[in-house]
Each structure stands twice: as structure tokens, then as C-alpha cells.
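There are 2 protein chains.
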Amino acid sequence: MPFKDILQTVVDNVDGAVGAVVMGYDGIAIDDFIKTENSFDLQLLTAEYAAVLKEVKGTAEVLKSGLLQEVAISTERSTAVARVINEDYFVLLVIAMGGNFGKGRFYLRREAPKLAEALQ
Amino acid sequence: MPFKDILQTVVDNVDGAVGAVVMGYDGIAIDDFIKTENSFDLQLLTAEYAAVLKEVKGTAEVLKSGLLQEVAISTERSTAVARVINEDYFVLLVIAMGGNFGKGRFYLRREAPKLAEALQ
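Given below as C-alpha cells:
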């Protein structure tokens with residue numbers, strides 16, 4: 000299944016989701032699926048958070064708290080949930096305020112292995 | 000109510016919680032409540048994550064995505080949920096793998112205003 004279809008599955012199934020991106024820790028996106036009716040600059044947000052994730056990943060390794068799996072960042076306007084796919088890539092889902100965070104986490108966890116497969 | 004009592008309320012009510020800390024973005028803890036029967040180096044973990052949080056806070060401001068409210072970091076062994084108290088301080092709760100993440104978020108949200116009051 001192509002990246003975009005997997006990302007669309009996640010976005011379509013999560014109330015309040017505005018878009019999802021597959022991206023490298025270098026901040027370069029592979030593919031995305033973005034709902035047209037939103038005002039978020041998803042590319043910018045993801046690129047900024049890629050740097051944060053890279054640091055968190057390093058911190059988790061330093062702390063020997065096991066491999067990083069997920070980072071969720073909530074602000075007044077939105078929640079961004081990033082799930083690690085493999086050593087080099089992660090998937091990030093942005094949910095507008097009031098959206099279904101739990102469902103977002105569930106779908107990312109469910110679809111991440113398919114993204115890992117598509118990245119082979 | 001003293002800090003420790005508020006932190007204990009959070010830890011005692013969340014399945015799998017191993018400890019909670021009130022800390023400044025400079026990485027210096029004000030107070031903590033830690034269950035004795037755990038192997039986590041909570042002080043080290045919190046100090047490391049303080050740096051991460053500071054960066055995320057800056058990023059959220061740059062992105063104009065509203066004030067930062069919460070950051071959750073999950074690894075293979077644990078989840079650390081940090082909730083912003085005010086401009087200078089946050090509270091961090093560490094939950095062991097398999098613990099109740101949703102309840103952890105709920106109690107942090109509920110108790111954060113009391114911590115803000117205690118910090119006045």
C-alpha cells in the first residue's frame with residue numbers, strides 16, 4: 000500500500016485529525032496526507048518537531064529507558080503525535096483541539112508496521 | 000496543600016505511576032514524590048527532559064501553535080508525561096510500561112492548578 004493511502008487511513012479514522020506525514024529525522028518528508036480544510040502549516044510544524052524528536056531519541060538512549068516509541072506534544076490549538084517507524088523515520092499526526100487523541104495513538108500504532116514495510 | 004501531597008495524590012491514583020516531580024525549566028526540582036519500589040532514576044530522567052521541554056516550548060511559540068500544555072514521551076520501558084504549570088515550572092509524571100496513561104494525563108490536568116497556586 001502506498002504511503003499516502005496508509006496516512007489517509009489514519010487521518011480519516013481520527014476525529015479532528017488535520018493531516019499526517021512520514022518524515023526522516025533530518026526533517027525531510029517522504030509523503031503526507033493533509034485535509035484541505037485546515038489552516039495548519041503541517042510541513043513547517045513537522046520539520047520543527049523533527050529536530051525535537053531527534054533530541055528526545057538521543058535522550059532516551061542516554062537514559063537507557065529503552066527505544067523511543069512515541070512523542071505527543073499538546074498546545075492550546077492542537078496535538079501532534081509522532082510515532083517512531085524505524086531508526087530513520089517517524090510518522091506524525093496532527094489533531095486539532097478537541098479531537099480524539101486516544102484514537103490517534105491507536106491508529107498510528109496500528110499503521111506504523113505497514114509504513115515500516117513500505118519503507119523497505 | 001504542600002507540593003508533596005499534591006504529587007502523591009497523582010501518583011497514588013494512577014496505575015503504574017512510579018513518581019512525580021515539580022521542576023523548573025532550568026532542570027532544578029522543587030519537590031518530588033517517588034514510590035520506593037522502583038528502579039527509575041527519576042531525578043536524572045526529569046533533568047534530561049527539562050532541556051527537551053524547554054526546546055519544545057520555544058518551538059511551540061515559534062510555530063504560533065499556542066501555549067504549550069503537555070508533552071508525553073513513551074519508550075519501551077515507560078511513559079513520561081509533563082504538564083506545564085506556568086512560565087517557569089512543569090510537573091512530570093513517570094508511568095511504567097502498561098500503566099494507565101489516560102488517567103495520568105487526567106490527574107495532571109486536574110492537579111496542575113493546585114500546583115500553580117502552591118507556587119505563588
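Each protein sequence line maps, in turn, to chains A and B.
For what it's worth, numbering that gives the first Met the number 0 labels the leading residue of the first sequence as 0, then goes sequentially.
For what it's worth, numbering that gives the first Met the number 0 labels the leading residue of the second sequence as 0, then goes sequentially.
Where is the CB? At the ideal position from N, CA and C, for every residue including glycine.
It should be emphasised that the depicted structure is a prediction, and the values quoted were computed from it without experimental measurement.
Below 8 Å on the Cβ atoms is my guess for residue i versus residue j; work out the distance and round it to an integer in Å.
{"i": "B/Gly-26", "j": "B/Ala-50", "result": "7 Å"}
{"i": "B/Asp-40", "j": "B/Leu-6", "result": "Between B/Leu-6 and B/Asp-40 the Cβ distance is about 17 Å, and since that is not below 8 Å, they are no contact."}
Compute the distance between the beta-carbons of residue i and residue j, then report whether it is under 9 Å.
{"i": "B/Leu-196", "j": "B/Val-93", "result": "Nothing about residue 196 of chain B can be reported from this structure: the residues present for chain B run from 0 to 119 only."}
{"i": "B/Ile-29", "j": "B/Leu-118", "result": "yes"}
{"i": "A/Val-70", "j": "A/Val-20", "result": "no"}
{"i": "B/Thr-78", "j": "A/Leu-67", "result": "no"}
{"i": "A/Thr-8", "j": "A/Glu-110", "result": "yes"}
{"i": "B/Ala-95", "j": "B/Arg-76", "result": "yes"}
{"i": "A/Tyr-88", "j": "A/Tyr-48", "result": "no"}
{"i": "A/Gly-97", "j": "A/Ala-16", "result": "no"}
Cα-Cα, which of the options is closest to residue i?
{"i": "A/Glu-86", "options": "A/Gly-18, A/Thr-8, A/Met-22, A/Ala-16", "result": "A/Met-22"}
{"i": "B/Gly-113", "options": "B/Ile-84, B/Arg-76, B/Leu-41, B/Gly-65", "result": "Strictly speaking, residue 113 of chain B in this sequence is Lys, with Gly absent from that position. It is B/Ile-84 whose Cα lies nearest to the Cα of B/Lys-113."}
{"i": "A/Gln-42", "options": "A/Gly-18, A/Glu-54, A/Val-55, A/Gly-65", "result": "A/Gly-18"}
{"i": "A/Lys-53", "options": "B/Ile-72, B/Gly-65, B/Thr-35", "result": "B/Ile-72"}
| Touching or not, the stretch 8-23 of chain B and the stretch 99-112 of chain A, by the rule of three or more beta carbon pairs under 8 Å? | no
| field | Contact residues within the stretch 47-69 of chain A, judged by C-beta distance below 9 Å to chain B | value | Glu-47, Tyr-48, Ala-50, Val-51, Glu-54, Val-55, Thr-58, Ala-59, Val-61, Leu-62, Lys-63, Ser-64, Gly-65, Leu-66, Leu-67, Gln-68, Glu-69
| said: At a CB distance below 7 Å, what residues from the stretch 71-91 of chain A approach chain B? Give them in sequence order. | reply: Ala-71, Ile-72, Ser-73, Thr-74, Glu-75, Arg-76, Ser-77
| Given a limit of 9 Å on CB to CB distance, which residues of the stretch 96-112 of chain B reach chain A? | Met-96, Phe-100, Gly-101, Arg-104
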